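Input: a single structure, listed below in structure tokens.
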Amino acid sequence: MRAQLMRRTLLSLVLGLLFLSTPAMGSCLDNYQELLGQLQKQADFMQHTSMLLDPYISIQGLDKDGLKEHCQERPGVFPSKDVLQRLSRQEFLQILNTTLGHVLHRLRTLQKDIPKAQDLEKLNIAKLNIRGFKNNIHCMAQLLPGSLEKTEPTPTGPGASPSPTPISDAFQRRLEGCRFLHGYHRFMHSVGQVFREWGQSLSRSRRHSPRRGLRKGKHRTHLSSRNKRLMPRGWLPR
Amino acid sequence: MALFSAFQTTFLLALLSLKTYQSEVLSEPLSLAPESLEVSIDSARQCLHLQWSVHNLAYHQELKMVFQIEISRIKTSNVIWVENYSTTVKRNQVLRWSWESKLPLECAKHSVRMRGAVDDAQVPELRFWSNWTSWEEVDVQSSLGHDPLFVFPKDKLVEEGSNVTICYVSRSHQNNISCYLEGVRMHGEQLDPNVCVFHLKNVPFIRETGTNIYCKADQGDVIKGIVLFVSKVFEEPKDFSCETRDLKTLNCTWAPGSDAGLLTQLSQSYTLFESLKATKCAPRTLCKHKSWCNWQVSPDSQEMYNFTLTAENYLRKRSVHLLFNLTHRVHPMAPFNVFVKNVSATNATMTWKVHSIGNYSTLLCQIELYGEGKVIQKQNVSVKVNGKHLMKKLEPSTEYAAQVRCANAHHFWKWSEWTRRNFTTAEAAPSEAPDVWRNVKSVQGHCVVTLFWKPLSKLQANGKILFYNVVLENLDRPSTLKLLSIPAPANGTELTLDRCSYQIHVTANNSVGTSPASVIAVSGDPGNKEVEEERVKGTEDGFCLSWKPQPGDVTGYVVEWCERPGDPLCDLQWKNLGPNTTSTVVSSDAFRPGVRYNFRIYGISTERIPYLLEKKTGYSQELVPSDNPQVLMSNLTSYSFTLSWKDYAAESQPGFVRGYSLYLKSKAARCLPGSEKAVLSDDSICCKYKIDNPKQKTFVVENLQPASFYEFFLTPYTSVGEGPQGAFTKVTTPDEYSHILIRIILPMIFSILLIMILCYLKSQWMKEKCYPDIPDPYKSSVLSLIKSKENPRLTIMNVKDCIPDAIEVINKQEGTRKSLTETEPTKPTYLYLLPTEKSHSGPGPCICFENFTYNQAASDSVSCGHVPVTPKAQPSQLGLLTSSENVPKALGKNYVNSLGEIPAGETNLNYVSQLASPMCGDKSSLPTNPPEPALCSEYKTQMAIPMGLASPPSITLLDEGEHDH
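Each protein sequence line maps, in turn, to chains A and B.
Heads up, the first sequence is in this note's numbering, so the first residue is 1324 and it goes up one at a time.
Heads up, the second sequence is in this note's numbering, so the first residue is 16 and it goes up one at a time.
As structure tokens, then:
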């Protein structure tokens, strides 16, 4: 029953992502709150280890005592939650976008070690999810003051470049793959929390200064500086 | 000086040449040792590659040599491999030899050395070993790096069932290393303090991604491992076959073996090799596909081919061979330009062409003709280039499909694909007369004939039937014909004829012509003579009907029936049979179980007039009765009752009712005569009467017990079984003596009534005889005496003052009586109840009387009566009287009071009174004083008052105000 629910959710999400991928082709969702909600839900969904890590462990035979304990995230590969929380929104989106690009690249590498077609299908769905998520990041960056394209792609910060050195040893490669996926799910969990904080700060700011969003021009430039939480562009009068 | 130098050089050269010459010619022992030995490693394959050369050979000299190679492990003294390698050696030729190590080369240091010897028959004198080369050391461990732990071999690929040796190399002596295969710990042997070796035997296939083997140090987070890729056993290709379609290209096909299980690591390759004419240009072909490959046939008319298909993967090579003659493997192309021409109603011609196959151009072609999805004609034709075939005996207006294929006529290998064409033959006139039947009814003096005909079959119609012609020929006036044209697809018509002597001709017509006519005659006699109906038993195959052959001229028989008997439309069916037929089986998919079908068998006279011969009725399958009869019970006696079910329609049951079963339940253990024990579906036991006559609709159940309870249930039965189980009807037989009792009791009651009436009528007489009236004291003559004497002491007791009581004269002696009369002769010797002083104002006086009934002696002379009393005092008296407690008290007082007035010396009798009933006393008081008789009409219990209890008068019955003490 749970698996069926999972499949349905997956299907709906894939369809949703396909639908959301239209921004990349020309138009973006201009409702900040709605877009933030989408990103948050997607991040929550992608954090589930059943999406990638669990099947990978099973396929590669890493689900053995004494072995699965070593499938832990290698520090520094993905930005930690603290690092993500300290970033400005623009920087956060940049890091997120870049990191997910590396994840896509790494998934393509992992794909070579997965022989069965049905297992590859799961990986392809995961890749589709990430692409849809990246499209939404792009749209979110459009809504924030200062376009993402201006600074993209400049991965900064610790572990922003999770591309590994090539490993010829199959065992080490699959262990590293496992660690990488573990880190990926943890990273998406942190991303979800950051987006949740965005939503909370938004409701707080709406409660405390409802007219703040109407400011523009000079103040907007001020807000876009580092370590300041930016207000979404969608809130500004057009 | 220069000259000296040149001389010296010339001398040395001459000397060297001489030396060489000497060695060749004189065959001096010459050391042909391997030189320039180099050892390299292939870690993936765990191979040591050796290469060397032999320098001391003359130019162009080739010698067979044998090289002895020694391989040692860890230390040179530990030689683990010795092999002699024989080869032909040329001067300065680089020789190569490889050795695969079972142990990964990284696990231990290996050393190699070799020596050589001439092994050539031409120079047998040189057959001695050269000196060993120096040990060449291979130490991979030193180049591993600085990791604390290594596991080898990396990513090794083996077939399942192989034996594999694994080792780990640890850089630390302190750590204990434990190794696991898929989570299961392995135990190995220590090769040296840092190296441990594990021997895995018969490794299984676990998963496509390989088997994980890993080692961990007990301290720290070090884990290293390998993936052992175990593949399934590589199978050889199956069903390898080659053929040509045009003698230019050979197409070889095969079925690859089962998947090795490792998709990425084990790619398979297939190579085709022709060995009989392995030309340099194309000796072999690397096949691009996994299951087939093309080979260009050489133009030089090579007939025989010997192909070898080699399937190869990283681990294994498999080969299959095929030797064949090219002309025997010709698979022709499908025929082309196929046409069906000159199509008539019964014939058609098929033409086609075949692809040329060089000199072997004679082909055998097969033509198949399909009609209604089945092959109806099959023909083989030899063809060079053009083929032609005439198809005969076709049916008119019929769709056909013709197809052709060809094969090598001389050496059959395979048929070509079919080439197919559809065509339809032309129409022809219908070949058969329609099958006609009729139904004749007489309506208002007219003859209504309903004609039915069956549509012609496709074979009979020879085209599309457009209309039916009905020609009516009046037999009385043969020249009178009437034609009706009824368009198809009608299958009947209704004709109203003035009289019934007609002959009817029916023909079917299509676009080409008319069918033969079907003739049926209608006579004035409907032929429905009384024929007894017979029963016929149906089977799964239908109804088997038979009839008696007719003595006269009969042109045939017709069996008629309705497929839907209950339906008004009936769906009339008939079957025409020949004159010599006396039986037939009527079957139909429409026959349903439990439905009664009626069959009529007609004979057809020579005048084509049908006449009824027999009637049959039956069920294709009989069922049990669908319902039970409503049973009425009558004539219930103590010993029998009658059951009747006359309204039950046995004909409407889904089977012939063969009789009835009557079940009777009773408390009696034994069944009555005529019945037998039966067990019902609910396991209850009862008695069963079997009524075998289906026409019997009544039954008398006899020999019953009086005043007994019975239950009965009646159900019909057919040949299949009984009807549904129903509810039992309860009945109780009456008592045996009840009628006798009635016969006795009724007269008795009547007699009693009669007696009572008589008694009533004679009551006066009876009264007089049995209980005469008590004399009324008022009417007594004593009263006249009292009045006349005016004796104040004498008074008459008022009834009101009397307690209802009995006064009894206990004893009255003759003497006493006599003294009374004697001493007071003027006074009567009576005992009186004295009235009160206010007795005048109270109720009427109570009369004291002497009951002469009890004093017979005085009855004649005296009498006692009572005076009617006013009803005023009745309530109190009634109240007292109704109280049982007060009765004796009141009685006592009254008695005393009454007696107190009597002088003791005057009398010694005890007074006994009786209240006179108005009924028997003063009748005149009844209508005037109705409540009073309640007081005075009863005879109270007589009480004896002892003399000693006499006390002064105290009347408490009366109101106090009315009494004076």
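Built from N, CA and C at the ideal position, the CB exists for glycine as well.
These numbers come from a predicted model, not from an experiment.
Notebook entry, point to check: Got a sec? Which residues, its chain only, sit under 6 Å from B:N178 by beta carbon, not counting five neighbours each side?
Noted result: Here residue 178 of chain B is taken as the residue at index 163 of the second sequence, counted from 1. Excluding positions up to five away in sequence, the list reads K216.
Margin query: What does the alpha-carbon distance come out to for the pair B:R514 and B:N489?
Written below: Here residue 514 of chain B refers to the residue found at position 499 when the second sequence is read from its first residue. Here residue 489 of chain B refers to the residue found at position 474 when the second sequence is read from its first residue. Put simply, the backbone Cα of B:R514 is about 9 Å away from that of B:N489.
Next item on the list: Spatial neighbours of B:T897 within its chain, please: CB distance less than 6 Å, with the 5 preceding and 5 following residues excluded, ordered by chain position.
Entry: For the purposes of this step, residue 897 of chain B is taken as the residue at position 882 of the second sequence. Bear in mind that a pLDDT of 38 at B:T897, under 50, signals an unreliable position, so the number given afterwards is only what the model happens to contain. Only residues of its own chain outside the window of five on either side were considered, and among them none has a CB closer than 6 Å to the CB of B:T897.
Notebook entry, point to check: Helix, strand or coil for B:A693 per DSSP?
Noted result: As a first step, residue 693 of chain B must be located in the second sequence, where it is residue number 678. DSSP places B:A693 in strand when its eight states are reduced to three.
Notebook entry, point to check: Roughly how far, in whole angstroms, is the beta-carbon of B:T440 from the beta-carbon of B:S472, given that I think they are within contact range, below 8 Å?
Noted result: Reading the second sequence from its first residue, position 425 is the one you call residue 440 of chain B. Reading the second sequence from its first residue, position 457 is the one you call residue 472 of chain B. Not quite, the Cβ-Cβ distance comes to about 16 Å (not below 8 Å), so this is no contact.
Notebook entry, point to check: Any beta-carbon of chain A closer than 7 Å to the one on B:E39?
Noted result: In the second sequence, counting from the first residue as 1, residue 39 of chain B sits at position 24. Low confidence applies here, because B:E39 scores a pLDDT of 44, under 50, leaving its location unreliable and the question unanswered by this model.
Check: For B:R88, which residues from the same chain have a beta carbon less than 6 Å from its beta carbon, with the 5 sequence-adjacent residues on both sides left out?
Finding: Numbered from 1 along the second sequence, position 73 holds the residue referred to as residue 88 of chain B. By the criterion of a C-beta distance shorter than 6 Å, B:R88 is surrounded in its chain by I95, A123 and H125, once the five residues flanking it on both sides are discounted.
Note to self: Rounded to the nearest angstrom, what separates B:P314 and B:H370 at their Cα positions?
What the structure shows: Along the second sequence, one-based indexing puts residue 314 of chain B at 299. Along the second sequence, one-based indexing puts residue 370 of chain B at 355. Between B:P314 and B:H370, the C-alpha separation is close to 19 Å.
Check: Do we get a CB-CB distance below 7 Å when we pair B:T224 with the residues of chain A?
Finding: Translated into positions along the second sequence, residue 224 of chain B becomes position 209. Any Cβ of chain A closer than 7 Å to the Cβ of B:T224 would place that residue at the interface, and such an atom is present.
Next item on the list: Could you work out which residue in B:N357, B:D750, B:F656 and B:P493 is closest to B:T713 when comparing CA atoms only?
Entry: Counted from its first residue, the second sequence places residue 713 of chain B at position 698. Minimum Cα distance to B:T713 is reached at B:F656.
Notebook entry, point to check: Should A:D1492 be flagged as near chain B, meaning a C-beta pair shorter than 7 Å?
Noted result: As a working note, residue 1492 of chain A is residue 169 in the first sequence. Judged by the 7 Å Cβ criterion, A:D1492 is in contact with chain B.
Checklist line | Cutoff 7 Å: A:H1290 Cβ touching any chain B Cβ | finding: Shown here, chain A extends from 1324 to 1561; a query on residue 1290 of chain A therefore has no answer.
Check: Below 7 Å between beta carbons: does that hold for A:K1404 and A:S1526?
Finding: Counting from one through the first sequence, the residue named residue 1404 of chain A turns up at place 81. Counting from one through the first sequence, the residue named residue 1526 of chain A turns up at place 203. No, the pair does not count as a contact, with Cβ atoms beyond the cut-off.
Check: Taking Cβ-Cβ distances shorter than 9 Å, what residues in chain B pair up with A:D1377?
Finding: Looking up residue 1377 of chain A in the first sequence gives position 54. Per Cβ cutoff of 9 Å: no residues; A:D1377 is ~15 Å from chain B at best.
Notebook entry, point to check: Thinking C-beta only, is B:P640 closer than 7 Å to B:P731?
Noted result: Position 716 of the second sequence, counting from 1, holds the residue named residue 731 of chain B. Position 625 of the second sequence, counting from 1, holds the residue named residue 640 of chain B. Going by C-beta atoms, B:P731 is nearer than 7 Å to B:P640.
Check: Taking C-beta to C-beta, are B:S376 and B:K399 nearer than 7 Å?
Finding: Counting from 1 along the second sequence, the entry for residue 376 of chain B is found at position 361. Counting from 1 along the second sequence, the entry for residue 399 of chain B is found at position 384. The Cβ-Cβ distance between B:S376 and B:K399 falls below 7 Å.
Item checked: Residue-level contact to chain B via CB, A:K1387, 7 Å cutoff -> To locate residue 1387 of chain A, count along the first sequence from 1; it is residue 64. For A:K1387, the nearest CB of chain B lies under 7 Å from its own CB, placing it at the interface with that chain.
Notebook entry, point to check: What are the boundary residues of the alpha helix (DSSP H) that includes A:D1367?
Noted result: As a working note, residue 1367 of chain A is residue 44 in the first sequence. For A:D1367, the enclosing alpha helix (DSSP H) covers residues Y1355 to M1369.
Next item on the list: Spatial neighbours of B:C701 within its chain, please: CB distance less than 7 Å, with the 5 preceding and 5 following residues excluded, ordered by chain position.
Entry: Translated into the one-based positions of the second sequence, residue 701 of chain B becomes position 686. So the qualifying residues of the chain are Y678, L679, K680, A693 and L695.
Check: Can a CB atom of chain B be found closer than 7 Å to the CB of A:I1382?
Finding: The residue labelled residue 1382 of chain A in the question sits at position 59 within the first sequence. Yes, because at least one Cβ of chain B sits closer than 7 Å to the Cβ of A:I1382.
Next item on the list: Just mark B:V354 as buried or exposed, buried being the case when its beta carbon has 16 or more other beta carbons within 10 Å.
Entry: Residue numbering aside, residue 354 of chain B sits at position 339 when the second sequence is read from its first letter. With the sequence shown as reference, residue 354 of chain B is identified as Phe, and Val is not the correct amino acid for it. Using a 10 angstroms sphere on the CB of B:F354, the tally of other CB atoms stays under 16, which defines it as exposed.
Notebook entry, point to check: Are the beta-carbon atoms of B:V534 and B:Y517 separated by less than 7 Å?
Noted result: Counting from 1 along the second sequence, the entry for residue 534 of chain B is found at position 519. Counting from 1 along the second sequence, the entry for residue 517 of chain B is found at position 502. Taking 7 Å as the Cβ cut-off, B:V534 and B:Y517 do not qualify as a contacting pair.
Check: Under the three-state reduction of DSSP, which class applies to A:W1521: helix, strand or coil?
Finding: Here residue 1521 of chain A refers to the residue found at position 198 when the first sequence is read from its first residue. Looking at A:W1521 - three-state DSSP - the assignment turns out to be helix.
Check: Any beta-carbon of chain A closer than 7 Å to the one on B:Y195?
Finding: Here residue 195 of chain B refers to the residue found at position 180 when the second sequence is read from its first residue. Yes, B:Y195 counts as interfacial toward chain A.
Item checked: Contact set between A:L1390 and chain B, taken where Cβ atoms lie within less than 7 Å -> Counting from one through the first sequence, the residue named residue 1390 of chain A turns up at place 67. Within 7 Å of the CB of A:L1390, the CB atoms of chain B belong to G198, N227 and Y229, in sequence order along the chain.
Item checked: Chain-ordered residues of the region 44-70 of chain B with a beta carbon less than 9 Å from chain A -> Hits within the stretch: zero.
Next item on the list: Inspect the beta-carbon positions of B:A424 and B:S397 and report whether they are closer than 7 Å.
Entry: Reading the second sequence from its first residue, position 409 is the one you call residue 424 of chain B. Reading the second sequence from its first residue, position 382 is the one you call residue 397 of chain B. It is a contact, given that the beta carbons lie within the stated cut-off.
Next item on the list: Mind checking which residues open and close the beta strand (DSSP E) that includes B:L481?
Entry: Taking the second sequence and counting its residues from 1, the one referred to as residue 481 of chain B is at position 466. Counting along the chain, the unbroken beta strand (DSSP E) around B:L481 starts and ends at I480 to N489.
Item checked: Members of the region 144-174 of chain B near chain A, C-beta cut-off 7 Å -> Per Cβ criterion, the list reads K169 and D170.
Check: Taking the beta strand (DSSP E) that B:K590 falls in, what are its first and last residues?
Finding: As a position in the second sequence, residue 590 of chain B is number 575, starting the count at 1. Element bounds for B:K590: L587 to L592.
Notebook entry, point to check: Does the pairing of the region 590-607 of chain B with the region 643-651 of chain B give three or more beta-carbon distances under 8 Å?
Noted result: No, the region 590-607 of chain B does not touch the region 643-651 of chain B.
Item checked: In DSSP terms, what B:P709 is bridged to -> On the second sequence, position 694 is the one that residue 709 of chain B refers to. The partner list for B:P709 (beta bridge, DSSP) is empty, contrary to what the question assumes.
Notebook entry, point to check: By the 10 Å Cβ neighbour count, where 16 or more other Cβ atoms means buried, how is B:Q889 classified, buried or exposed?
Noted result: Position 874 of the second sequence, counted from the first residue, corresponds to residue 889 of chain B. The predicted position of B:Q889 is uncertain, since its pLDDT is 41 and thus under 50; a value taken from the coordinates is nonetheless stated next. With 16 or more other Cβ atoms within 10 Å, it is buried.
Next item on the list: For B:G553, name the three-state secondary structure that DSSP assigns.
Entry: As a working mapping, residue 553 of chain B is identified with position 538 in the second sequence. In the structure shown, B:G553 adopts extended strand secondary structure according to DSSP, grouped into three states.
Item checked: Chain-ordered residues of the region 233-245 of chain B with a beta carbon less than 7 Å from chain A -> Those residues of the region 233-245 of chain B that come within reach of chain A (Cβ to Cβ, closer than 7 Å) are I238, G240, I241 and V242.
Next item on the list: Whole angstroms is fine: what's the gap from A:K1364's alpha carbon to A:R1502's?
Entry: If you number the first sequence from 1, residue 1364 of chain A lands on position 41. If you number the first sequence from 1, residue 1502 of chain A lands on position 179. Answer to the nearest angstrom: the Cα atoms are 24 Å apart.
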